[in-house]
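**Q**
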Amino acid sequence: MTTLIVVLCIILAVIVFLQIGKLTELTAKIRGEKNAQYASNRWNSVLGMIFMIVFLLYCIISAYDMKNYMLGFGPHSAASEHGGALDSVFKITLFFTGIVFVITHVLLFWFTYKYHGKEGSKAKFISHDNKLEVIWTAVPAIVMTFLVVGGLNAWNKVMVDVKPDEKVLEVEATAYQFAWTLRYPGADGLLGTKNYKLIGGSNDIGQDWTDSKNYDDFKADKLVLPVGQKVRIRIVARDVLHNFYLPQFRVKMDAVPGMPTYFVFTPVKTTEEYRAELKKYPEYNEPSDPKDPNGKKKWETFEYELACAELCGNGHFSMRREVKIVSQEEYNKWVSEQKSFYLTSIRNTDDDPNKGKKLAIDPVETVKDTTKVNVVEPVKEIK
Ligand SMILES: [Cu+2]
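For the sequence shown, the residue numbers in the working numbering are 1057 to 1439.
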């Protein structure tokens, strides 16, 4: 009822304003206040020109100011192989649309200034102009073709999936409210199968424990990847829409419940190398913690990040994860320190379908000493 009254009030207010407008015009006509109208037209057209100058200056200055963020210049350069291709698509698109933006706005306000209503002026009636119509259809069509073809080209290169015989590191990122479960394939290089029906207390992503490929899979709280290695991220969501976003690598893909997606990319700069690049910029030489002016600088504490780029709920912000790009040796060392989730948390518990059976992966002591089981808790949700 309140909504109805509010809507009715808005409609009535619009009608009242329209009627006042009509009445003002009519009284001006009756009184012969044409000259007052012309003066007002002129004043408005001048104001329009002033607005145009301020507006365009603001746009140009802010675009220049934000160019590093928008187009990946300076400290925001891409850290992946394909990143540069995507950045240049943005640069080329902004170059052409920027030119059109400025020209159309200058013309728009210049015309309202030049042709504002004045004594003796009369509008010209042009039914159509073939030449003009051909020009304003053909020019945007040609420019658009270049932009679309260029964009499509980059897209096809970026989105190409791995070939069956290609050496690739496959990592799985499962999004849920409000965290990621990052799963690595373990020594066999293969991720084990999953089934959503198996999701439960000790099995947050539904791994099938009858599949031996799952035995060595491990989970990590940060995304660690070796530099120069092609990585395929398998992206899934457990509840609502999320988005797997690695800004420095120009990787962004929706995580959709029930529809696995992927992104293939190759990191080309280690975290240390990227930090060394940031060191050159004054904004990264400020203290990382403002309360501690003599502490570490921003470039020293910089970390690549994994973020959720879909507004997935009120804890959305907490989906941030650290991403580390390291050398192959450091990566191998890190992998050797990781523990299989199955062996540490599932093996020989009531949730283990292989309980009591001897498996090839069993370390000798795990079979004998079942008290060690369940010491490592599964990845917890961050609240
Ligand atoms: Cu999310």
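Heads up, the beta-carbon is just placed ideally off N, CA and C, and yes, glycines get one too.
1) Rank 1303, 1382, 1347 and 1096 by C-alpha distance to the C-alpha of residue 1329 and give the top, closest one.
2) Do you know whose CA, among 1207, 1152 and 1164, lies nearest residue 1142's CA?
3) Could you name the residues of the same chain whose beta carbon sits closer than 8 Å to that of residue 1258, not counting the 5 residues immediately before and after it, in chain order?
4) Using the Cα positions of residue 1052 and residue 1198, report the straight-line distance between them to the nearest angstrom.
5) Just verifying my parser: in three-state terms, what is the DSSP assignment at residue 1310?
6) Leaving out the 5 sequence neighbours to the left and right, which residues in its chain are closer than 8 Å to residue 1424 when beta-carbon positions are compared?
7) Using the rule of at least 16 other Cβ atoms within 10 Å of the residue's Cβ for burial, across every protein chain shown, is residue 1431 buried or exposed?
8) Count the other C-beta atoms from every protein chain shown that fall within 10 angstroms of the C-beta of residue 1279, then say buried if there are 16 or more, exposed otherwise.
9) Report the rounded CA-to-CA distance for residue 1395 versus residue 1294, giving the unit in angstroms.
10) Taking 8 Å as the cut-off, decide whether the C-beta atoms of residue 1249 and residue 1260 are in contact.
11) In whole angstroms, what separates the C-alpha of residue 1345 from that of residue 1417?
12) Excluding five sequence neighbours on each side, which residues of the same chain lie with their C-beta closer than 6 Å to the C-beta of residue 1174?
13) So the candidates are 1337, 1189 and 1378; which of them puts its Cα closest to the Cα of residue 1237?
14) Kindly give me the distance between the Cβ atoms of residue 1265 and residue 1398, rounded to whole angstroms, as I take these residues to be in contact under 8 Å.
15) Quick check on the DSSP output: the beta strand (DSSP E) that includes residue 1229 runs from which residue to which?
16) Any idea if residue 1299 is buried or exposed, counting beta-carbon neighbours within 10 angstroms, 16 or more meaning buried?
17) Between residue 1071 and residue 1080, what straight-line distance do the alpha-carbon atoms span, to the nearest angstrom?
18) Using the Cα positions of residue 1281 and residue 1189, report the straight-line distance between them to the nearest angstrom.
19) Cα separation between residue 1307 and residue 1099?
20) Nearest by alpha-carbon distance to residue 1000: which of 1254, 1147, 1296 and 1252 is it?
21) According to DSSP, what are the bridge partners of residue 1298?
22) Mind checking whether the beta-carbon of residue 1361 lies closer than 7 Å to any heavy atom of ligand 1?
23) Taking the beta strand (DSSP E) that residue 1275 belongs to, which residues open and close that run?
24) Where does residue 1075 land, buried or exposed, given buried means 16+ other C-beta within 10 angstroms?
25) In three-state DSSP terms, what is residue 1236?
26) Report the partner residues of residue 1380 according to the DSSP bridge assignment.
**A** The structure says:
1) When only C-alpha atoms are compared, the closest one is 1382.
2) The residue among 1207, 1152 and 1164 with its C-alpha nearest the C-alpha of residue 1142 is 1207.
3) Excluding residues within five positions, the ones whose Cβ falls inside 8 Å are 1401, 1402, 1405, 1407 and 1434.
4) Outside the shown range of the chain, which is 1057 to 1439, sits residue 1052, and nothing can be said about it.
5) In the three-state reduction of the DSSP assignment, residue 1310 falls in the strand class.
6) The predicted model places residue 1424 with a pLDDT of 49, which falls under 50 and marks its position as unreliable; any figure quoted below should be read in that light. Taking C-beta separations shorter than 8 Å and ignoring five residues to either side along the sequence, residue 1424 has no partners in its chain.
7) Confidence at residue 1431 is low in this model, with a pLDDT of 47, below 50, so the placement of that residue should be treated as unreliable; the coordinate-derived value is given next. Around the beta carbon of residue 1431, a 10 Å sphere encloses fewer than 16 other beta carbons of the protein chains shown; the residue is thus reported as exposed.
8) Flag for residue 1279 reads buried.
9) A straight-line Cα-Cα distance of about 24 Å links residue 1395 and residue 1294.
10) With a cutoff of 8 Å on beta-carbon distance, residue 1249 and residue 1260 are scored as not near each other.
11) Straight across, the Cα-Cα distance linking residue 1345 with residue 1417 is about 46 Å.
12) Excluding residues within five positions, the ones whose Cβ falls inside 6 Å are 1094.
13) Answer by Cα proximity: 1378.
14) Indeed, because the Cβ distance is near 6 Å, the residues count as touching under 8 Å.
15) First-last of the beta strand (DSSP E) with residue 1229: 1225 to 1232.
16) By the C-beta density criterion, residue 1299 is buried, having at least 16 other C-beta atoms within 10 angstroms.
17) The alpha-carbon atoms of residue 1071 and residue 1080 are separated by roughly 14 Å.
18) Between residue 1281 and residue 1189, the C-alpha separation is close to 54 Å.
19) Each residue's Cα considered, the two are about 51 Å apart.
20) Residue 1000 lies beyond the stretch modelled for the chain, which goes from 1057 to 1439, so this question has no answer here.
21) According to DSSP, which records beta bridges pairwise, residue 1298 is partnered with 1311.
22) Not so, every heavy atom of ligand 1 lies at least 7 Å from the Cβ.
23) Residue range 1274 to 1276 is occupied by the beta strand (DSSP E) that includes residue 1275.
24) So residue 1075 ends up on the exposed side.
25) DSSP places residue 1236 in strand when its eight states are reduced to three.
26) Looking at the DSSP output, residue 1380 sits in a beta bridge with 1280.
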